[in-house]
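Contents: one structure, followed by commentary.
2 protein chains.
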Amino acid sequence: MTHTLAIGPYNDDEKQGLTRELSPIYLDGPASVANLDAAQREAIKAVAYKGHHAFGATEMDLLPNVGAVANYGVGYDAIDVKEASARGIKVSNTPGVLNDDVADLAVAMLIMQGREMEHASAWARSGKWAEQGEYRLNRKVSGGRVGIVGLGRIGREIADRLAAFKMDIHYWSRSEKDTPGWTHHADPVSLADAVDYLIVALVGGPDTEQFVSKEVIAALGSRGVLVNISRGSTVDEGALLDALESGAIAGAALDVFLNEPKIDARFYALDNVVIQPHQGSGTVETRAAMAKLQRDNVLAFLGAKELLTPVN
Amino acid sequence: MTHTLAIGPYNDDEKQGLTRELSPIYLDGPASVANLDAAQREAIKAVAYKGHHAFGATEMDLLPNVGAVANYGVGYDAIDVKEASARGIKVSNTPGVLNDDVADLAVAMLIMQGREMEHASAWARSGKWAEQGEYRLNRKVSGGRVGIVGLGRIGREIADRLAAFKMDIHYWSRSEKDTPGWTHHADPVSLADAVDYLIVALVGGPDTEQFVSKEVIAALGSRGVLVNISRGSTVDEGALLDALESGAIAGAALDVFLNEPKIDARFYALDNVVIQPHQGSGTVETRAAMAKLQRDNVLAFLGAKELLTPVN
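Order-wise, the sequence lines are chains A and B.
The first sequence begins at 33 in my numbering and counts up by one.
The second sequence begins at 33 in my numbering and counts up by one.
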């Protein structure tokens, strides 16, 4: 009997690694757990989980002997950790290895927004550059005021990069951190009020739902740009769309959305938004490192060792 | 009689500043100097120059009393400085104030290329994200090996930013510079051979023509990406196009081209090139600073003071 369940949309390289090291049963999503027979379900000790569909009490009931759920990704909001903890199920994620990629994307999205790089590219490619000459002037990014919402590992990587762009760095976090003179704000509205660029780097889940509220977005003001690389849930998306449509803020650059990949069609009608398809950690190098860390957590559990990167 | 000639495509803000401080005669390009009458030409003491059309002996012959040509932009390859020096004409440019913008654009272009951000955006906007799911994996940028060709003021700004992306920094310059442990290469082929990303930050003009030669491009190899924010003339553009078409290098990100804005149509057919319409310094803030520095150079000359930023 196989002891591991691999749930989610794994690519070929990832499946090769999983099969080699864990010989799991593969399922496309948590809903398919119910299709396994009782003997298969009872044999499962560990789950390698990937995806954004909820994995909670229902699935845990069906897997009575599961002791660990190893999530692929740093954000583990799809997994009901409270429920897992109550049952003594250990949960792990894949932190650290993806910070660089997510920070790279955040910085590039911010500059693309300020410098209108997609529009400028389209201007050149459409022949307008040749016909009409210079592209319109846009907005300087270096030296600007930026606010990071959540100065965890990824927020810190973003701030470290933007410091090299001579930006005046402000941040919100629950407690003041040890920084090179960056300005702590105890209130996200105060943070948004102090900056032109606001970058959301929160953990997802119920505790941060709509943390970037209508009031925070309003405080950003008409020169304000919102960048989100965390989760769609952290922002009041309706208020964001209203602000983008009315010009209450200048623009946004978003890698994450509610209901992705079927995102709100209002985003597509806006020309002041840089849209990325949730590819923050989407490089060959980083996804291989994430897949390895996930497998190593499962192997640690099956070998009766401590999980490498536990979250509960 | 007015003493100043303002030559080139100035925008409304720039014209307002020029008129206020210098009341110049405006010409759209150097070819129009010949249309002025002799008395007007003889009265001209200083030229405020903007543009990429050649300004040399012909124009200087027509302006017998000109003593200074103040260029708008850091690159002054349109002006024949040798000819100016021989006649005792002082030439100035606008260095410093545009370094940040050009470096910002270079970094964002590099990440856009590595992370396929334009393709990913199109994937989302075309509905493919909603229909087909995740965008394909691409390439990690942070931690990579980058080579800067020309470690002048702009090259240095680019390198300082990329150091915050934990990149392994190599550079070519005529002499070794004082750096935080970056690797100097005396030969551009050796530089290209050592890195995956090559960023061209040379001064334009005859001395650097095709400095990034066919051999340099070949040494970059199949994982190589070329970024150019200097001048189209610094790169063997035919060899670059061949290498991009054949896959001899992985891609390019270009803000400058030969014959811009009517660039080689082969670029438009490539999907591994990020194209920008020479907008390196194209922000409201920086162009205002460049215009002011140009006027200040003219005013210094007319007031019999030293030019602020002379080049000869």
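Positions of the beta carbon are idealized from the N, C-alpha and C atoms, including for glycine.
According to DSSP, which residues form a beta bridge with residue i?
i, result
"ASN103(A)", "TYR81(A)"
"GLY179(A)", "HIS202(A), LEU230(A)"
"ASN170(B)", "THR315(A)"
"ASN260(B)", "VAL232(B), LEU286(B)"
"LYS337(B)", "Looking at the DSSP assignment, LYS337(B) forms no beta bridge with any residue, so it has no partner."
"ILE307(A)", "LEU286(A)"
"PHE87(B)", "ILE111(B)"
"PRO293(A)", "BP columns for PRO293(A) are empty, so no partner."
"PRO342(A)", "SER124(A)"
Taking 6 Å as the cut-off, is the beta-carbon of residue i closer than that to any non-hydrogen atom of the ligand FMN?
i, result
"ARG327(A)", "Of ligands this structure carries none, so the ligand FMN is not represented either."
What first and last residue would you give for the alpha helix (DSSP H) that runs through residue i?
i, result
"SER117(A)", "113–118"
"ILE186(B)", "185–195"
"THR240(A)", "Where THR240(A) is concerned, there is no enclosing alpha helix (DSSP H), given that its DSSP letter is neither H nor E."
"LEU272(B)", "269–278"
"ALA66(A)", "First-last for ALA66(A): undefined, no H or E at that position."
"ARG157(B)", "149–157"
"GLU163(A)", "160–164"
I need the DSSP call for residue i, collapsed to helix, strand or coil.
i, result
"LYS246(B)", "helix"
"LYS47(B)", "helix"
"SER124(A)", "strand"
"LEU59(B)", "strand"
"HIS216(A)", "strand"
"ALA323(B)", "helix"
"THR36(A)", "strand"
"VAL330(B)", "helix"
"TYR300(A)", "helix"
"ASP210(A)", "coil"
"LEU252(A)", "helix"
"VAL221(A)", "helix"
"LEU94(A)", "helix"
Quick one, are the C-beta atoms of residue i and residue j less than 7 Å apart?
i, j, result
"ALA140(B)", "ILE231(A)", "no"
"VAL330(A)", "ALA102(A)", "yes"
"GLY283(A)", "VAL248(A)", "no"
"VAL181(B)", "TRP204(B)", "yes"
"LEU234(A)", "THR211(A)", "no"
"ASP109(B)", "GLY236(B)", "yes"
"ILE111(A)", "LEU95(A)", "no"
"ALA100(A)", "VAL259(A)", "no"
"GLU115(B)", "ALA78(B)", "no"
"LEU130(B)", "THR318(B)", "yes"
"VAL221(A)", "ALA251(A)", "yes"
"GLN145(A)", "VAL244(A)", "no"
"LYS246(B)", "ALA285(B)", "no"
"MET322(B)", "TYR167(B)", "no"
"MET199(B)", "GLY176(B)", "yes"
"LEU339(B)", "LEU302(B)", "no"
"PRO82(A)", "GLY40(A)", "Reading the sequence as shown, one finds Lys at residue 82(A) and not Pro. In this structure, GLY40(A) lies closer than 7 Å to LYS82(A) by Cβ."
"LEU169(B)", "THR315(A)", "yes"
Quick check: what's the CA-CA separation for residue i versus residue j?
i, j, result
"GLN242(A)", "GLN164(B)", "28 Å"
"GLY107(B)", "LYS337(B)", "23 Å"
"GLY335(B)", "HIS35(B)", "12 Å"
"HIS1(A)", "ASP287(A)", "In the structure as shown, chain A starts at 33 and stops at 344, and residue 1(A) therefore has no counterpart that could be examined."
"ALA71(B)", "ALA118(B)", "24 Å"
"ALA135(A)", "GLU46(B)", "37 Å"
"ASP69(B)", "THR126(B)", "30 Å"
"PRO293(A)", "SER158(B)", "12 Å"
"PRO56(A)", "ALA80(A)", "9 Å"
"ILE201(B)", "GLY213(B)", "8 Å"
"PHE299(A)", "LEU325(B)", "41 Å"
"VAL178(A)", "HIS217(B)", "36 Å"
"TYR42(B)", "ILE281(A)", "30 Å"
"TYR229(A)", "GLN308(B)", "23 Å"
"HIS85(A)", "GLU91(A)", "12 Å"
"ARG171(A)", "ASP133(A)", "25 Å"
"PRO62(B)", "PRO238(B)", "20 Å"
"GLU74(A)", "ASN97(A)", "6 Å"
"ILE261(A)", "TYR58(B)", "48 Å"
Locate the beta strand (DSSP E) running through residue i, then write down its first and last residues.
i, result
"ALA138(B)", "Looking at the DSSP string, ALA138(B) is not in any beta strand (DSSP E); the run it does join, the alpha helix (DSSP H), is 131–146."
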